[in-house]
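Protein chains in written order, with my numbering: chain A, 138 to 321; chain B, 138 to 321.
Comments concern the structure below.
Right under this line is the structure:
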């Protein structure tokens, strides 16, 4: 993993991959699967996430104001599904699913080192939480695997069925209005 | 196209495809490309969309409170990019890009009949619009092509580059907690 500009986050979030979310509250670390999220602003990067009281990670997110969004590889469809179908209130998911982790900055939520990318986030706005369980996160640090620009992500089409990224279509020559967003 | 239960919308939106958005305001119909959107609630289906004053469609959405979200096929990457790189203030995009349309319900925003699906939406909450240009839409009707469950969608990874849906991973046997959402 190498650290890059968090302003690159949109390349990972806009395509809509299923995500794993790690937290580390007073009852220890946890990880959940999340499908409802949105890039809200390119740079500085803001992400909206639906996480509710039905998620065991919810209280740790509110308590610490931090989480890590990890982007799983296409090969991880089974563990992504299983993580989403049990609760950290009952089991230690890191041990159960043999997840490789690395400590996050300042001992906060852990990175998942087998993933394509780990986005360290701070909760910056919960004004939307009451009505929609929608939390606004700012990405503070972005760590990526070497192959992050080509690795296949997973897209959840419902009911535990996924499509992985396939063919590449490069229409960049027709992207004339938005080139200022496309910085490396 | 056939009409199905709008409660199926999450199967099309949660995987994060790039979308086309049609509107029909007092200055005529328009279409734009959109990458920032999120499923907020399964059923009744709510979708959050970032559409701002920089989009020509913005005023028509506010004026009529309606739009159609169309899900393009993977083969449409070029037209999706070109639609997103010009303004309806300058040209008639439907004519320029030879888009096949069908009138929406009650003469509101048009369907794009070459797309995988068309979701007719009403703007139901703009409380988040001032801060994030995030509009909450309710899906009122959902029309899909015959192949909607297998057709490949497009995911924008930035700069006019896309990944199309590829391999299928079926982990439905491990989806034990959320089966109540998976209705046909």
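Just so it is clear, CB atoms sit at the ideal spot from N, CA and C, and this is done for glycine as well.
Note on geometry: alpha-carbon atoms of residue 264 of chain B and residue 257 of chain A lie some 27 Å from one another. What residue 254 of chain B touches in chain A, judged by beta-carbon distance under 9 Å, is nothing: the nearest beta carbon there is about 12 Å away. Residue contact check for residue 138 of chain A against chain B: no CB pair falls below 8 Å. The Cβ neighbour count for residue 305 of chain B, taken over all protein chains shown within 10 Å, is under 16; the residue is labelled exposed. Secondary structure at residue 251 of chain A: coil, using DSSP grouped into helix, strand and coil. Taking 8 Å as the threshold, the shortest C-beta distance from residue 200 of chain A to chain B does not fall below it. Considering only beta carbons, the part of the region 304-316 of chain A lying closer than 9 Å to chain B consists of 304, 305, 306, 307, 308, 309, 310, 311, 312, 313, 314, 315 and 316, in chain order. Sixteen is the threshold: since fewer than 16 other Cβ atoms of the shown chains lie within 10 Å of the Cβ of residue 314 of chain A, the residue is exposed.
Residue 212 of chain A sits in a helix when the DSSP states are folded into three classes. The DSSP-derived three-state label of residue 165 of chain A is strand.
About 6 Å separates the CB atoms of residue 220 of chain A and residue 157 of chain A; that is less than 8 Å, so the two are in contact. For residue 222 of chain B, the residues of chain A that pass the 8 Å Cβ criterion are 311, 312, 313, 314 and 315, in the order they occur in the chain. Contact of residue 277 of chain A with chain B is not assigned, every C-beta pair being separated by 8 Å or more. Judged by their CB atoms, residue 151 of chain B and residue 278 of chain B are not nearer to each other than the 8 Å cut-off. DSSP places residue 306 of chain A inside the beta strand (DSSP E), whose first and last residues are 298-307. Between residue 198 of chain A and residue 235 of chain A, the alpha-carbon positions lie close to 23 Å from each other.
Think of a sphere of 8 Å around the beta carbon of residue 234 of chain A: no beta carbon from chain B falls inside it, the nearest being about 12 Å out.
Under DSSP, residue 140 of chain B takes part in a beta bridge, and its partners are B/280.
Distance between residue 144 of chain A and residue 138 of chain A, taken at the CA atoms: about 17 Å. Unbroken alpha helix (DSSP H) runs of no fewer than 4 residues, entirely contained in the region 181-226 of chain B, are found at 194-201 and 214-220, following chain order.
Contact check for residue 214 of chain B against residue 308 of chain A passes: the beta carbons are separated by less than 8 Å. Note: residue 243 of chain A is not bridge-paired with any residue in the DSSP secondary-structure output. Shown here for residue 262 of chain A: same chain residues with a beta carbon closer than 6 Å to its own, the five before and five after excluded, namely 273 in chain order.
Exposed is the label assigned to residue 189 of chain A, since fewer than 16 other Cβ atoms lie within 10 Å of its Cβ. Using beta-carbon distances, residue 257 of chain B does not count as an interface residue toward chain A, since no partner is under 8 Å.
Below the 7 Å Cβ cutoff, chain B contributes no neighbours of residue 169 of chain A, its closest Cβ being approximately 12 Å away. Residue range 147-150 is occupied by the alpha helix (DSSP H) that includes residue 149 of chain A. In this structure, the alpha-carbon of residue 202 of chain A lies about 9 Å from that of residue 160 of chain A. The beta-carbon of residue 154 of chain A is placed less than 8 Å from the nearest beta-carbon of chain B. Residue contact check for residue 261 of chain B against chain A: no CB pair falls below 8 Å.
Contact between residue 303 of chain A and residue 298 of chain B is absent: CB atoms are separated by about 14 Å, not below the 8 Å threshold. In this structure, DSSP gives residue 233 of chain A a helical state, which the three-state scheme calls helix. Per DSSP, residue 263 of chain A lies in no alpha helix (DSSP H) and is assigned neither H nor E. For residue 180 of chain A, no Cβ of chain B is located within less than 8 Å of the residue's own Cβ. Within chain B, the C-beta atoms nearer than 9 Å to that of residue 151 of chain A come from 153, 155, 172, 173, 292, 293, 294 and 295, in chain order.
Secondary structure at residue 293 of chain B: strand, using DSSP grouped into helix, strand and coil.
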